[in-house]
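Novice: Structure in structure tokens, see below.
Protein chains: 2
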Amino acid sequence: MTSISGDEINSLDVLLQQLAMTIRRQIANIASAYDLTVAQYLALMTIYRSDSYCTMSELADNTMQISATMTGIINRLENRGWVKRELDPSDRRVWRVNLTPDGKHQLEQLEAERRKLTEQVLCQFTTQEQQTLHALVDKYLAITIK
Amino acid sequence: MTSISGDEINSLDVLLQQLAMTIRRQIANIASAYDLTVAQYLALMTIYRSDSYCTMSELADNTMQISATMTGIINRLENRGWVKRELDPSDRRVWRVNLTPDGKHQLEQLEAERRKLTEQVLCQFTTQEQQTLHALVDKYLAITIK
DNA sequence: TATTGTTATACTCTATAACTATA
DNA sequence: TATAGTTATAGAGTATAACAATA
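Same order as they appear, the protein sequences are chains A and B. Reminder that position 60 of the first sequence reads as 60 in our numbering, one-by-one numbering, no gaps. Take any residue in the second sequence, count from 1 to its spot, add 1000: that is its number in our numbering.
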């Protein structure tokens, strides 16, 4: 027994913060090669993973921001041709935001690059280690969100 | 065998991003109760953990930002009494940035609050799970930084 | 000459409050 | 009345480039 439980939690806490900042910085670096900010990348990926369109509210909720902020982010992405807005015919207060074909294509390129970098890290873990890490992070998120 | 290695890496990748954003959001929430931004919190904690003072370059390196950005962050913290600048007598190009007594006191309060929240999550892990997570995140960071 | 840090500039993010349009 | 989204506004972060002071 080399450490007290409180100490272990403390150093794990510090390490998790470092991990969070490192991952965010890596996203920032790759996104900036496509002239995107982290906030723009997160909005685009939210739409991409939804597999169809997102409303402004869904984007705000998913990226944990308020709708006024999202308006600015989507305005800039729309001006640059990454996304387009379309009115929801069944509720004309709602905008459906979707990727343009070009936006989707570029985003897939960016993601392929980013995943290659992540793979270079994760492939140095055994399958067992990957699964263990997955389970532990899953548990962390489940508790946090609850 | 229920999953291919590539799939496991993909879903782990997504999960790690979620973790990063969740941790950052938690920092943002607690810091804002002290009227601090995430960038300000990170600068303050960098000084706090250094256990003495930091130079502007050290702050910029540690928070992965350029020095021009750090100038603005430290200016605002100085104006509000969290930190103070002192010239390094042995190299007068260098500023030594340190916490004020009041800044240190407030930061310790903030950290106590934040750690309590983290503990509420991590205490639901067994000691074994904590140590395993620690080791895996350690490994991740070691590979990434290398 | 090289290094440390600041200033000027431009753009983006962020949150609050007030607002419009639709349900 | 309630909801979806925008606009106006103000403050903060971010990066680039040019700069001053010191080594």
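Each residue gets a CB set at the ideal place from its N, CA and C atoms; glycine is no exception.
(1) Relative to the C-alpha of V94(A), which candidate in R80(A), M56(A), T71(A) and I66(A) has its C-alpha closest?
(2) So, does the segment 105-122 of chain A touch the segment 52-70 of chain A, judging by three or more C-beta pairs under 8 Å?
(3) Just curious, the beta strand (DSSP E) that V1094(B) is in, first and last residue?
(4) Helix or strand or just coil, what does DSSP make of T1063(B)?
(5) Among Q17(A), G81(A), T46(A) and D88(A), which one has its Cα closest to the Cα of V1014(B)?
(6) With distance defined between alpha-carbon atoms, name the residue in D1138(B), R1049(B), R1114(B) and Y1140(B) nearest to Y1034(B).
(7) Counting only Cβ pairs nearer than 7 Å, list the residues of chain A close to D1051(B).
(8) Which chain B residues are close to E119(A), counting only those with a beta carbon under 7 Å from its beta carbon?
(9) Only counting the same chain, and skipping five residues up and downstream in sequence, which positions put a Cβ closer than 8 Å to that of Y53(A)?
(10) At what residue ranges does the segment 24-65 of chain A contain a whole run of the alpha helix (DSSP H), taking only runs of 4 or more?
(11) Which residues in the same chain as K1084(B) place their Cβ atom closer than 7 Å to its Cβ, once the five residues preceding and following it in sequence are excluded?
(12) Is it buried or exposed for A20(A), if we count other Cβ within 10 angstroms and need 16 for buried?
(13) So, with DSSP's three-state summary, where would you put R1080(B)?
(14) If I follow the unbroken alpha helix (DSSP H) through P101(A), where does it start and stop?
(15) Please name the residues in the segment 122-141 of chain A whose beta-carbon is closer than 8 Å to at least one beta-carbon of chain B, in chain order.
(16) I73(A) and G28(A) - do their beta-carbons sit closer together than 7 Å?
(17) Rounding to the nearest angstrom, what Cα-Cα distance links V137(A) and L1016(B) in this structure?
(18) Determine, using beta carbons only, whether M1001(B) comes closer than 7 Å to chain A.
(19) Output needed in chain order: residues of the segment 93-117 of chain A with a Cβ under 8 Å from some Cβ in chain B.
(20) Show which residues of chain B have a CB atom less than 7 Å away from the CB atom of I143(A).
(21) Considering only their Cβ atoms, is the gap separating I1143(B) from V121(A) smaller than 7 Å?
(22) Using a Cβ-Cβ distance under 7 Å, would T147(A) count as near chain B?
(23) Once you ignore the five residues that flank H1134(B) on each side, which residues in its own chain have a CB closer than 8 Å to its CB?
(24) Below 8 Å on C-beta distance, what does Q1017(B) contact in chain A?
(25) If we count the other Cβ atoms within 10 Å of its Cβ and call it buried at 16 or more, is A1112(B) buried or exposed?
(26) Alpha helix (DSSP H) containing D1088(B): first to last residue?
(27) Along the chain, where does the alpha helix (DSSP H) that runs through T144(A) open and close?
Specialist: Quick answer:
(1) Of the candidates R80(A), M56(A), T71(A) and I66(A), the residue whose Cα lies closest to the Cα of V94(A) is M56(A).
(2) These segments do not touch.
(3) Per DSSP, V1094(B) belongs to no beta strand (DSSP E) and is neither H nor E.
(4) Correct three-state label for T1063(B): coil.
(5) Nearest to V1014(B) by alpha-carbon distance, out of Q17(A), G81(A), T46(A) and D88(A), is T46(A).
(6) For Y1034(B), the closest C-alpha among the options D1138(B), R1049(B), R1114(B) and Y1140(B) is that of R1114(B).
(7) Here the premise fails: no neighbours, minimum Cβ distance about 14 Å.
(8) Chain order gives the chain B residues near E119(A) as I1009, where near means a beta carbon separation below 7 Å.
(9) Residues I47, E86, R96, V97 and N98 of the same chain have their beta carbon placed closer than 8 Å to that of Y53(A), with the five preceding and five following residues left out of the count.
(10) The alpha helix (DSSP H) runs lying completely inside the segment 24-65 of chain A and spanning 4 residues or more are 38-50 and 56-62, given in chain order.
(11) Cβ contact annotation for K1084(B) (same chain, cutoff 7 Å, sequence separation greater than five): E1078, N1098 and T1100, in chain order.
(12) Looking at its Cβ environment, which holds 16 or more other Cβ atoms inside 10 Å, A20(A) is buried.
(13) Coil, per DSSP.
(14) DSSP places P101(A) inside the alpha helix (DSSP H), whose first and last residues are P101 to L122.
(15) Answer in chain order: L122, C123, Q124, F125, T127, E129, Q130, Q131, T132, L133, H134, L136, V137, D138, K139, Y140 and L141.
(16) The sequence given here has Ala at residue 28(A), not Gly. At the C-beta level, A28(A) and I73(A) stay beyond 7 Å of one another.
(17) One alpha carbon belongs to V137(A), the other to L1016(B), and they sit about 7 Å apart.
(18) Note that M1001(B) has pLDDT 37, beneath the 50 cutoff, so the model's placement of it is unreliable and no number is given.
(19) Flagged, chain order: R115.
(20) Neighbours of I143(A) on chain B, chain order: V1121 and Q1124.
(21) V121(A) is a Cβ neighbour of I1143(B), given a cutoff of 7 Å.
(22) As displayed, chain A neither begins before 1 nor continues past 146, which places residue 147(A) out of reach and without an answer.
(23) Closer than 8 Å at the Cβ level, and outside the excluded window around H1134(B), lies no residue.
(24) At a C-beta separation below 8 Å, Q1017(B) has these neighbours in chain A: I23 and I27.
(25) Flag for A1112(B) reads exposed.
(26) For D1088(B), no alpha helix (DSSP H) segment is defined, and its DSSP state is neither H nor E.
(27) Here the alpha helix (DSSP H) through T144(A) covers T127 to I145.
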